[in-house]
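K.L.:
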Amino acid sequence: MTIHTDLNKYFEIIGLLYCCAHPEFEEKESWEKAAKDYNINAEELYKKVSPVLKRYVSTFKRGMFKGNEEDYNFFFSDDDDEFVLLIQFVCANHPEWFEHPLDSVGEKEIMTAFAKMLAEDTGCGFGKTTGELVRLLKQTGFSSTTCWKLMVFLQSPKEHIQKLSDMIGCNKKAYEDALAAVRAPLKKLLEAFPKGKRICEKIHEGSVLTPTLIYAASELIDMDEASASSYIGVYTDEVYKMLEQERSSQEKLLPILKALSDHSKFDILLSLMKTPKYNLELAEELNLSAATVSHHMNVLLGHRLVDVEKRDGRVYYTFSKGTVKKVIQKLQSMFSID
Numbered sequence: 136m137t138i139h140t141d142l143n144k145y146f147e148i149i150g151l152l153y154c155c156a157h158p159e160f161e162e163k164e165s166w167e168k169a170a171k172d173y174n175i176n177a178e179e180l181y182k183k184v185s186p187v188l189k190r191y192v193s194t195f196k197r198g199m200f201k202g203n204e205e206d207y208n209f210f211f212s213d214d215d216d217e218f219v220l221l222i223q224f225v226c227a228n229h230p231e232w233f234e235h236p237l238d239s240v241g242e243k244e245i246m247t248a249f250a251k252m253l254a255e256d257t258g259c260g261f262g263k264t265t266g267e268l269v270r271l272l273k274q275t276g277f278s279s280t281t282c283w284k285l286m287v288f289l290q291s292p293k294e295h296i297q298k299l300s301d302m303i304g305c306n307k308k309a310y311e312d313a314l315a316a317v318r319a320p321l322k323k324l325l326e327a328f329p330k331g332k333r334i335c336e337k338i339h340e341g342s343v344l345t346p347t348l349i350y351a352a353s354e355l356i357d358m359d360e361a362s363a364s365s366y367i368g369v370y371t372d373e374v375y376k377m378l379e380q381e382r383s384s385q386e387k388l389l390p391i392l393k394a395l396s397d398h399s400k401f402d403i404l405l406s407l408m409k410t411p412k413y414n415l416e417l418a419e420e421l422n423l424s425a426a427t428v429s430h431h432m433n434v435l436l437g438h439r440l441v442d443v444e445k446r447d448g449r450v451y452y453t454f455s456k457g458t459v460k461k462v463i464q465k466l467q468s469m470f471s472i473d
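Start counting at 1 in the sequence shown, then tack on 135, and there's your number in the working numbering.
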């Protein structure tokens with residue numbers, strides 16, 4: 136496995152140009168959706184990622200130059216992640232298109248690069264005629280809008296790549312400024328990137344992993360062993376830690392639920408809700424032996440469902456509202472109940 140420690144500027148600039156056309160990309164609601172997909176705390180994820188990402192995007196946006204409005208809109212105005220991601224993956228794999236004149240690059244070379252990526256995604260073979268391309272696009276499962284844009288793009292791929300290259304060229308300075316604005320935190324993130332944990336367990340050994348900031352907490356995995364270019368968000372390690380914490384939290388929750396499911400323990404809690412009581416009071420009220428109550432109290436104390444307080448030389452048990460409240464909140468979060 137090859138792990139890069141630098142961002143791919145073409146992947147990032149294309150992503151930034153798209154993000155600037157869709158402000159909702161960095162809004163809190165989008166992170167809440169992402170957190171819900173992972174079943175982790177949205178507020179915590181947002182606080183970790185948003186300061187650096189917002190500075191990165193806002194700095195780029197201040198210096199961004201759209202160029203030709205029609206060209207910009209073609210590539211970026213539609214809410215079309217599939218189209219943009221395909222453009223990002225293919226263009227990032229072909230930096231020569233943007234670093235040298237396109238004179239020596241043929242239409243078929245560009246078309247083949249895109250068709251090959253589409254074929255990898257679908258598992259279908261690809262050809263170079265329009266009819267074969269239409270059949271290939273039908274296999275992708277893309278929306279009709281995405282398929283239409285790809286057909287338009289691939290009817291004159293060299294012309295469109297040139298237009299995209301012009302946009303990228305005009306925005307390299309804005310990109311450099313955006314990097315400078317987040318240099319210190321990004322440096323730490325990139326240094327830690329090779330050692331970071333990944334969420335996906337199916338990244339094969341031949342993969343080439345490149346860090347990305349524009350998709351800060353996402354994993355964009357190419358499962359094809361032939362190309363194997365994948366982009367991993369620089370905050371993915373943080374997401375992994377949050378997932379582990381969530382799993383640990385769930386493991387702690389189950390014994391508490393088991394304790395609550397016991398009839399006698401549940402009756403003890405209901406009694407303590409009304410007023411604090413000492414051991415013998417509970418035993419008499421619930422018709423249990425003192426030893427049985429002591430056993431139940433040890434379990435409840437271990438889960439912090441009850442507390443103790445000394446009063447008049449006796450140990451009184453009290454109901455721990457805080458713990459029960461946290462359990463309820465945890466269940467609401469796990470089952471997405473508002």
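Idealized CB from N, CA, C, for every residue including glycine.
#1: Nearest-angstrom Cα distance between R197 and Y191?
#2: Suppose contacts are defined by Cβ-Cβ distances below 8 Å. Is I349 in contact with L151 by that definition?
#3: Since G368 is in the beta strand (DSSP E), which residue starts that stretch and which ends it?
#4: Indicate whether K485 and S406 have their beta-carbon atoms separated by less than 8 Å.
#5: Going by beta carbon distance, what residues of the same chain come within less than 6 Å of F146, once the five residues before and after it are set aside?
#6: Can you tell me which of the three DSSP states T281 falls into?
#7: On the criterion of 16 or more Cβ atoms from any shown chain inside 10 Å, does K456 qualify as buried, or is it exposed?
#8: Specify, as a first and last residue, the run of the alpha helix (DSSP H) that Y375 falls within.
#9: Between the C-alpha atoms of G437 and E379, what's the straight-line distance to the nearest angstrom?
#10: For the ligand GTP, is there a heavy atom less than 7 Å away from the beta-carbon of T140?
#11: In terms of residues, what are the limits of the alpha helix (DSSP H) holding T410?
#12: Nearest by alpha-carbon distance to R449: which of K201, E416, L421, I463 is it?
#13: What is the residue span of the alpha helix (DSSP H) that R318 lies within?
#14: Helix, strand or coil: how does DSSP classify L421 here?
#15: Whose C-beta lies closer than 7 Å to the C-beta of S424 among residues of the same chain, with five residues either side of it excluded?
#16: If I measure Cβ to Cβ from T257 and keep anything under 6 Å in the same chain, skipping five residues before and after, which residues do I get?
#17: Within the continuous beta strand (DSSP E) that includes F454, where are the two ends?
#18: May I ask which residues mark the beginning and end of the beta strand (DSSP E) holding K516?
#19: In whole angstroms, what is the alpha-carbon distance linking A394 and Y451?
#20: Which stretch, first to last residue, makes up the beta strand (DSSP E) that contains T345?
#21: Is T371 buried or exposed, if buried means 16 or more other CB atoms sit within 10 Å of its CB?
#22: Could you tell me the distance, in whole angstroms, from the CA atom of H229 to the CA atom of T458?
#23: Name, in chain order, the residues that DSSP records as bridge partners for L436.
#24: A156 to P320, Cα distance in whole Å?
#25: Can you give the beta carbon distance from S471 to K171, rounded, assuming they're within the 8 Å contact cut?
#26: Using 8 Å for Cβ pairs, my map puts F233 next to A309. What's the rounded Cβ distance?
#27: Buried or exposed: which applies to D141, given that a residue is buried once 16 or more other Cβ atoms fall within 10 Å of its Cβ?
#28: Using DSSP bridges, identify the partner residues of E354.
#29: Look up I138 in the DSSP assignment and give the residues it is bridged to.
P.N.:
So, to answer that:
#1: When rounded, the separation of the alpha-carbon atoms in R197 and Y191 is 10 Å.
#2: For I349 and L151, yes; Cβs fall inside 8 Å.
#3: Looking at the DSSP string, the run of the beta strand (DSSP E) that includes G368 is 364-368.
#4: Coverage of the chain is limited to positions 136 through 473, which leaves residue 485 absent and any answer about it impossible.
#5: Contacts found: Q223, A227.
#6: Under the three-state reduction of DSSP output, T281 falls in the helix class.
#7: So K456 counts as exposed.
#8: Unbroken alpha helix (DSSP H) run through Y375: 371-396.
#9: Those two C-alpha atoms are separated by around 23 Å.
#10: No copy of the ligand GTP occurs in the structure displayed, which carries no ligand at all.
#11: Counting along the chain, T410 falls outside any alpha helix (DSSP H), and DSSP gives it neither H nor E.
#12: Here the closest residue by C-alpha is E416.
#13: Element bounds for R318: 318-327.
#14: The three-state reading of DSSP puts L421 in helix, counting H, G and I together.
#15: Closer than 7 Å at Cβ, skipping near neighbours: A418.
#16: With a pLDDT of only 48 at T257, under the threshold of 50, the placement of this residue in the model should not be trusted, and no figure is reported.
#17: Note, F454: beta strand (DSSP E), 449-454.
#18: The shown model of the chain, from 136 to 473, leaves out residue 516, and the question about it has no answer.
#19: Distance between the alpha carbons of A394 and Y451: 20 Å.
#20: Residues 343-347.
#21: Flag for T371 reads buried.
#22: In this structure, the alpha-carbon of H229 lies about 55 Å from that of T458.
#23: Partner residues in a beta bridge of L436, as assigned by DSSP, do not exist.
#24: Distance between the alpha carbons of A156 and P320 is about 25 Å.
#25: 6 Å between Cβ atoms; contact.
#26: Contact flag wrong, Cβ pair sits at about 15 Å.
#27: Classification for D141: exposed.
#28: In the DSSP output, where bridge partners are listed per residue, E354 has I367.
#29: Answer by DSSP bridge pairing, in chain order: L344.
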